[in-house]
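Chains as they are written, first to last, in our numbering: chain U, 325 to 745; chain Y, 325 to 745.
Glycine included, every Cβ here is placed at the ideal spot set by N, Cα and C.
Below is one structure, written out as structure tokens, with a few remarks after it.
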């Protein structure tokens, strides 16, 4: 297997001005890594013919495949196709099918077409045209001697589907190998501990490769195998994923790409026919918002309370005035009472509460980052103390994620007791 | 004034693998544009000596100042300082002050120091050391002939304060010019309309420059002036900001850099001594969470309800069963009743409600993206219908921002009636 080196050249003055974050480069890099292709360089260059030519020349010289993003628009500032075609020595001519697609697109949007839009239908000779279902700029693959230049539109909603649908199959054929990845998503274990648990696997990796990624409160382990056939790639990944599953057990919440932590919690609630209520202070609705992020959350989520003030904690969540006076709002006792449940809203089987101090300044001696999270599953109460670091936003995010994690742990315990107990 | 060309070289294999988004490059580009410095190229290169050397050599050849980010850690993989020093022909030696800072840092964290940490205190000769209050890697400015290499640590929480505190003053001196920016933040006006309103200003800009940035529901207009003195730069920006203020009037919510839309709403509530309650369905706590994002929100925010189910809308928000049956949950009538107020929680003067359908699939004929937002200010009810586009997350974000905007409009109206009516 020949190593294929890919380089990403992002074209656009708006990136150099810092007006936008270059998420395209990140998306492409991640997907290319999944495909087992090596990216040694990324470049960003503005809408300037001379500098674009320099960057393109450099990339086509040192890499096998160069993916360009942006600069395929209809204006005079959009130079990518013209510049790369010039470097490749290819003439442009009108591509009838692309012209028709552009006309149809404008008709559908009920917008008048202007002559400069047909600039986008001009295609370099010997190229492969990649159709664009979400905009007017077709993508194009231009052969440059032994090298390939792949030109994609800049807007992510056009680039992403075009890459997935047209470029991935092309690159797979090019590399002559099939790649298959599976990601094991873990919570309740820190990154360094997770790495220690699989250190021997990481140290001895060749095929499949194993990479860990830390997210707030989570660790993702991606296992990627390469082989000549899809089947063989699966066969290579399977035993390693199985071994990782054995080592992390219940701390794995999914091995499916499209399952998030909140989705895993919603699925567990559904599995147990449990309804959930949130009672939030410092997170102020963030736990509820995460759960409702899951399509179909309405099956398990009925209501939530944001009890930010002491009065709200008393009147809505039924926390006793004496508790607040004796232990303060940021205490184990208050968290527990917040999660006790009231008669006010729809009945819930699982109640999760969060109370803490997110800062920015220390208040009445309560240290910034001190957070209590309680979870009540059918009357069984668990409460945990946390000391988060970072700014206000980071502390609130950590609290939100850990509320989801605690819910998951408590519901799992409940379900296993119900089944085996 | 000599044009200073700056280039950004981000070092880190994790960027090339797509594990992280290169937000440092965006941050630096934006700040450099504010300083009136031109960025013609960004590069990303992995933790590989040979390729890093190539990228650094190219950058130092074509640009005046090269900012490197990352690769200043204590491990053998961290090569930036060693590689750039080699290119500049500068020897490294132990910098006592940096060594002591590292020792103090570890002592404070109560973590044992290992020998490789002192690699970070090795500084190239003739360099300027930039102290790091948030980590162990000092930054460093290395003279490379006529050019300057500025090396900054990769973690944003170390890079950002170091850039602001140490690099900005250095660059200002280098360019011999002073730059001053002010941003006018606008809501209730779309981007293309906003651009039309100031088209003449944009078309005729030289100094100050005027740039518009679209955010969900908001438009930011940044005015940047350059001059020989701070005072003169202010003087250049002032009349243009004044003219923009005249044109957008009440649609401007702030001209202060650190005021967000939610902060502007919280400030208005404070100004009117008004308490607020949120009652949310499809946004599920996101409006409450945004308001509570503002430090000190506890002065105005007492409680919020997440009434996702019809039962919760009835039992917690007091929406009539008949209303839900006749008009459905996603209707003007339901939004109004949700914002009517109940006796349950702490008393509120302003109640904002959001009910809508965020998808992904159409349900019972309710189109995805249809959202009603109601705002009740001391009994005066305003309700608006929206048809948002995009996926579930995007629709919920649009609804959240527009709830804040509607609150702002209604409270402003109330305050002006109270004052003048």
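At least one CB of chain U lies nearer than 8 Å to the CB of residue 616 of chain Y.
Buried is the label assigned to residue 532 of chain U, since at least 16 other Cβ atoms lie within 10 Å of its Cβ.
Within its own chain, the residues whose Cβ lies closer than 7 Å to the Cβ of residue 617 of chain Y, once the five positions on either side in sequence are excluded, are 586, listed in chain order. Annotation for residue 442 of chain U: no beta strand (DSSP E) segment contains it, and DSSP assigns it neither H nor E.
Of the other Cβ atoms in all chains shown, fewer than 16 fall within 10 Å of the Cβ of residue 743 of chain Y; this residue is therefore exposed. For residue 488 of chain U, no Cβ of chain Y is located within less than 8 Å of the residue's own Cβ. By the neighbour-count definition (other C-beta atoms within 10 Å, threshold 16), residue 612 of chain Y is a buried residue. With a threshold of 8 Å between beta carbons, residue 626 of chain U makes contact with chain Y. Interface residue (Cβ-Cβ distance to chain U less than 8 Å): residue 717 of chain Y is classified as such.
With 16 or more other Cβ atoms inside 10 Å of its own Cβ, residue 425 of chain U counts as buried. In the same chain as residue 540 of chain Y, and ignoring 5 residues on each side of it, the C-beta atoms closer than 7 Å to its own belong to 721, 722 and 725, in chain order. Contact annotation: in the region 594 to 612 of chain Y, residues whose CB is within less than 8 Å of a CB in chain U are 602, 604, 606, 607, 608, 609, 610, 611 and 612. Residue burial is scored here from C-beta neighbours: residue 547 of chain Y has at least 16 other C-beta atoms within 10 angstroms and is therefore classed as buried. One alpha carbon belongs to residue 379 of chain Y, the other to residue 412 of chain U, and they sit about 24 Å apart. A Cβ of chain U is located within less than 8 Å of the beta carbon of residue 639 of chain Y.
For residue 481 of chain Y, the uninterrupted alpha helix (DSSP H) run begins and ends at 480 to 486, by DSSP.
Under the three-state reduction of DSSP output, residue 734 of chain U falls in the helix class. Less than 8 Å divides the Cβ of residue 452 of chain Y from the Cβ of residue 464 of chain Y. At a Cβ-Cβ threshold of 8 Å, residue 674 of chain U and residue 598 of chain U count as neighbours.
Using a Cβ distance threshold of 8 Å, residue 669 of chain Y and residue 640 of chain U count as a contacting pair. Nearest in C-alpha terms to residue 471 of chain U, of all of U:346, U:384, U:340 and U:718, is U:384.
Rounded to the nearest angstrom, the gap between the Cα atoms of residue 440 of chain Y and residue 399 of chain Y is 7 Å.
The beta carbon of residue 342 of chain U falls within 8 Å of a beta carbon belonging to chain Y, placing the residue at that interface.
Residue contact check for residue 668 of chain Y against chain U: a CB pair falls below 8 Å. At least one C-beta of chain U is nearer than 8 Å to the C-beta of residue 353 of chain Y. The Cβ-Cβ distance between residue 446 of chain Y and residue 417 of chain Y falls below 8 Å. At least one CB of chain Y lies nearer than 8 Å to the CB of residue 629 of chain U.
Taking the CA atoms as reference points, residue 566 of chain U sits about 15 Å from residue 557 of chain U.
With distances taken between CA atoms, residue 333 of chain Y lies nearest to U:367 out of U:431, U:367, U:353 and U:357.
By the rule that beta-carbons nearer than 8 Å mark a contact, residue 373 of chain Y does not touch chain U.
Secondary structure note for residue 547 of chain Y: it is in no alpha helix (DSSP H), and the uninterrupted beta strand (DSSP E) holding it is 542 to 551. Under DSSP, residue 529 of chain Y takes part in no beta bridge, so it has no partner. Non-local beta-carbon contacts of residue 443 of chain Y in its own chain, meaning distances under 7 Å to residues more than five positions away in sequence, involve 398 in chain order.
At a cut-off of 8 Å between beta-carbon atoms, residue 681 of chain Y makes no contact with chain U.
Taking a Cβ-Cβ threshold of 8 Å, the residues of chain U close to residue 364 of chain Y are 340, 369, 370, 372 and 375, in chain order.
Under the 8 Å criterion on CB atoms, residue 632 of chain Y is classed as interfacial with respect to chain U.
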